[in-house]
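Colleague: Can you read through this structure? Questions will come right after.
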Amino acid sequence: MGLETNITKMLGIKHPIVAAPMGPFYTTELTIAVSEAGGLGVLSHSALVSDYMSGRNPVDIMKENMLKVIEHTDKPFGFNVRTSRRETYAQQFVKDIPQFIMENQRLKEQCVYAITSAGSSKTLPQSKSFQKLKESGSNIKHFHVAPALWLADKCVASNVDGLVVTGGEGGGHQSYEKVSTLVLLQQVMEKHPEMPVIACGGFATGEGLAAALSMGAGAIAMGSRFIASKESEFHETYKNVVPPSKAQDTVLVTGALGPIRLWRNEYSLHHGLVADKEAKMAEEAAMSQEDIIAEGKAYEAAYTGDTNSGAVLLGQSIGLINSIENIKNIIEDIVQNAEKRLKNAYNLIK
Ligand SMILES: Cc1cc2nc3c(=O)[nH]c(=O)nc-3n(C[C@H](O)[C@H](O)[C@H](O)COP(=O)(O)O)c2cc1C
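Its first residue numbered -19, the sequence shown is counted upward by one per residue in the numbering used here.
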């Protein structure tokens, strides 16, 4: 048995399960594990405050991470770039990384997915080096995160190859829109029925995968579920937050790059809740460089084990996750349960 979809065929993967990017953290080991298990591993836009302090450039970090991936797996994988105007290195990213892929035959074969987010869907397609990479015979596909229907429309207008339809229940970086994955997925599938779609935000089980596929998506992407895995690079204390937590244990707070969904702790309870888009944008515009660095330090504190005063990015799907497993088990379990659910649903048809 198996689940073959437009996305598994497009990306050359066995299972319709994709790793959601989780920058600024490192997800290289996770990428390798997810790709080896038949899903699509995705390198995050990684760069911790300590990296910046020691003069490391996120573009160089991405190059190193890509080389590490192809050293440990021959399976397909992808990478994320956040294209926000606030991302100092976004332009260098979209110029240098496609060039880097083009110059390495293994990367050219294995790097099949570029996901942009948190900014314009045009930044990558407008890059000459990305166009050259596509023309050079690479199978790389460009997806952009769409957190609302009007943003999905913009992605389609930018000629993306596919959409990552991400609802507000998801962990970490969020949009101002606060639409749930369930509603958003239906809106997007109705308006853009031919568009390849990866559903994201709130997925952690076979039931979720079966629902997404039934609604017309070709795969799901998961962040929080993969944090709580043996292979992820997150600190044990961070991972251990997940199994006992309830779906109600996260809050949306103000972040430097838009709203972020965090686990409820000392840090998140002392940060403002998002009121509306205008107030949020004014607040962000007033943020100083020191505020941004302080937020980055709070991310890194949590990632390295301080889950009390650090910023612990997680989604409502933590209410569905009861254990820390290895990636192969997580993926196989989800696929098997999804198959059962889909068969049961099919049997309802008379
Ligand atoms: C720790 C963490 C970091 C994240 N960082 C990013 C990021 O750098 N870029 C991005 O597009 N999304 C980011 N996200 C959002 C995820 O890609 C994805 O949308 C989210 O995890 C989906 O919800 P789930 O956690 O319920 O699976 C992050 C999420 C988490 C949990």
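For glycine and all other residues, C-beta sits at the position ideal for the given N, C-alpha and C.
From which residue to which residue does the beta strand (DSSP E) around ARG241 run?
Modeller: Counting along the chain, the beta strand (DSSP E) containing ARG241 begins and ends at 240 to 243.
Colleague: Along the chain, where does the alpha helix (DSSP H) that runs through LEU164 open and close?
Modeller: Per DSSP, LEU164 belongs to the alpha helix (DSSP H) from 161 to 171.
Colleague: Whole angstroms are fine: how far does the CA of LEU104 sit from the CA of ASP76?
Modeller: Spanning the two alpha carbons is a distance of roughly 11 angstroms.
Colleague: Would you tell me roughly how many angstroms separate the C-alpha atoms of LYS(-6) and SER303, rounded to the nearest one?
Modeller: When rounded, the distance between both Cα atoms is 24 angstroms.
Colleague: Expressed to the nearest angstrom, what Euclidean distance is found between the alpha-carbon atoms of THR68 and ALA265?
Modeller: C-alpha separation (whole angstroms): 16 angstroms.
Colleague: So, for THR(-12): in the same chain, excluding its five sequence neighbours on each side, which residues have a beta-carbon less than 6 angstroms away from its beta-carbon?
Modeller: The residues are PRO(-4).
Colleague: Can you tell me whether TYR218 is helix, strand or coil according to DSSP?
Modeller: DSSP places TYR218 in helix when its eight states are reduced to three.
Colleague: Nearest-angstrom Cα distance between MET42 and SER101?
Modeller: Spanning the two alpha carbons is a distance of roughly 20 angstroms.
Colleague: Could you work out which residue in GLY58, LEU87, ARG66 is closest to TYR93 when comparing CA atoms only?
Modeller: That would be GLY58, whose Cα lies nearest to the Cα of TYR93.
Colleague: State buried or exposed for GLN85, treating a residue as buried only when at least 16 other CB atoms are found within 10 Å of its CB.
Modeller: So GLN85 ends up on the exposed side.
Colleague: Below 8 angstroms on the Cβ atoms is my contact criterion, and I expect ILE81 with HIS52 to pass it. Report the Cβ-Cβ distance as a whole number of Å.
Modeller: That belief does not hold up - the Cβ atoms of ILE81 and HIS52 are roughly 17 angstroms apart, past 8 angstroms.
Colleague: Who are the Cβ neighbours of GLY285 in its own chain at under 8 angstroms, not counting the five residues just before and after it?
Modeller: Hits under 8 angstroms: HIS215, GLU216, THR217, TYR218.
Colleague: Determine the direct distance from the alpha carbon of SER118 to that of GLU89, and round the result to whole angstroms.
Modeller: Straight-line Cα distance between these residues: approximately 7 angstroms.
Colleague: Per DSSP, which residues does SER97 bridge with? Please list them.
Modeller: Looking at the DSSP assignment, SER97 forms a beta bridge with ARG62.
Colleague: Just to confirm the assignment, what range does the beta strand (DSSP E) spanning GLY21 have?
Modeller: Start and end: 21 to 23.
Colleague: As an exercise, report each continuous alpha helix (DSSP H) stretch of at least 4 residues that is fully enclosed by the stretch 11 to 46, in chain order.
Modeller: Within the stretch 11 to 46, the complete alpha helix (DSSP H) runs of at least 4 residues are 29 to 33.
Colleague: In this structure, does DSSP put LYS121 in helix, strand or coil?
Modeller: Residue state, collapsed to three classes: strand.
Colleague: Tell me whether the beta-carbon of GLY181 lies closer than 8 angstroms to the beta-carbon of THR146.
Modeller: Going by C-beta atoms, GLY181 is nearer than 8 angstroms to THR146.
Colleague: Identify the residues that DSSP records as bridge partners of VAL144: which are they?
Modeller: Answer is VAL125, ILE178, bridged to VAL144.
Colleague: Below 8 angstroms between beta carbons: does that hold for GLU337 and ASN288?
Modeller: The chain is shown from -19 up to 330; residue 337 falls before or after that span and cannot be answered.
Colleague: Taking the CB atoms as reference points, tell me whether THR7 and LEU(-9) lie closer together than 8 angstroms.
Modeller: Cβ atoms of THR7 and LEU(-9): not closer than 8 angstroms.
Colleague: Only counting the same chain, and skipping five residues up and downstream in sequence, which positions put a Cβ closer than 6 angstroms to that of VAL61?
Modeller: Closer than 6 angstroms at the Cβ level, and outside the excluded window around VAL61, lie HIS25, PHE73, THR96.
Colleague: Return helix, strand or coil for GLU264, following the three-state DSSP convention.
Modeller: In this structure, GLU264 counts as helix in the three-state DSSP scheme.
Colleague: Would you give the residue range spanned by the alpha helix (DSSP H) that ILE332 belongs to?
Modeller: With the chain covering -19 to 330 only, the question about residue 332 has no answer from this structure.
Colleague: Which term fits ALA262, buried or exposed, when burial requires 16 or more other beta carbons within 10 angstroms of its beta carbon?
Modeller: ALA262 should be labelled exposed.
Colleague: I need the boundaries of the alpha helix (DSSP H) containing VAL292, first residue and last residue.
Modeller: Here VAL292 belongs to no alpha helix (DSSP H), and DSSP marks it neither H nor E.
Colleague: Any idea if GLU9 is buried or exposed, counting beta-carbon neighbours within 10 angstroms, 16 or more meaning buried?
Modeller: It counts as buried.
Colleague: Find the nearest neighbour of LYS308 within the set ARG244, VAL222, ARG205, GLU270, judged by alpha-carbon distance.
Modeller: That would be ARG205, whose Cα lies nearest to the Cα of LYS308.
Colleague: Measure the alpha-carbon distance for PRO56 versus SER15 and round it to whole angstroms.
Modeller: Rounded to whole angstroms, PRO56 to SER15 spans 6 angstroms at the Cα level.
Colleague: Tell me whether ASN139 is buried or exposed, calling it buried when 16 or more other Cβ atoms sit within 10 Å of its Cβ.
Modeller: When all chains shown are included, ASN139 counts as exposed.
Colleague: For ILE314 and THR185, I'd like the C-alpha separation in whole angstroms.
Modeller: Roughly 5 angstroms separates the two Cα atoms.
Colleague: Give the DSSP-derived three-state secondary structure of GLU8 in the structure shown.
Modeller: The amino acid occupying residue 8 in the given sequence is Thr; Glu does not appear at that position. Three-state DSSP puts THR8 in a helix.
Colleague: Do THR161 and SER170 count as a contact pair if the criterion is CB distance below 8 angstroms?
Modeller: This sequence places Glu at residue 170; Ser is not what is there. No, these two residues do not count as a Cβ contact at 8 angstroms.
Colleague: Kindly list the residues whose CB is nearer than 8 angstroms to the CB of VAL221, restricted to its own chain and excluding five residues on each side of it in sequence; keep chain order.
Modeller: Same-chain partners within the cutoff: TRP243, THR287, VAL292, LEU294, ILE298.
Colleague: Tell me the DSSP bridge mates of ILE(-3)?
Modeller: Answer is ILE200, bridged to ILE(-3).
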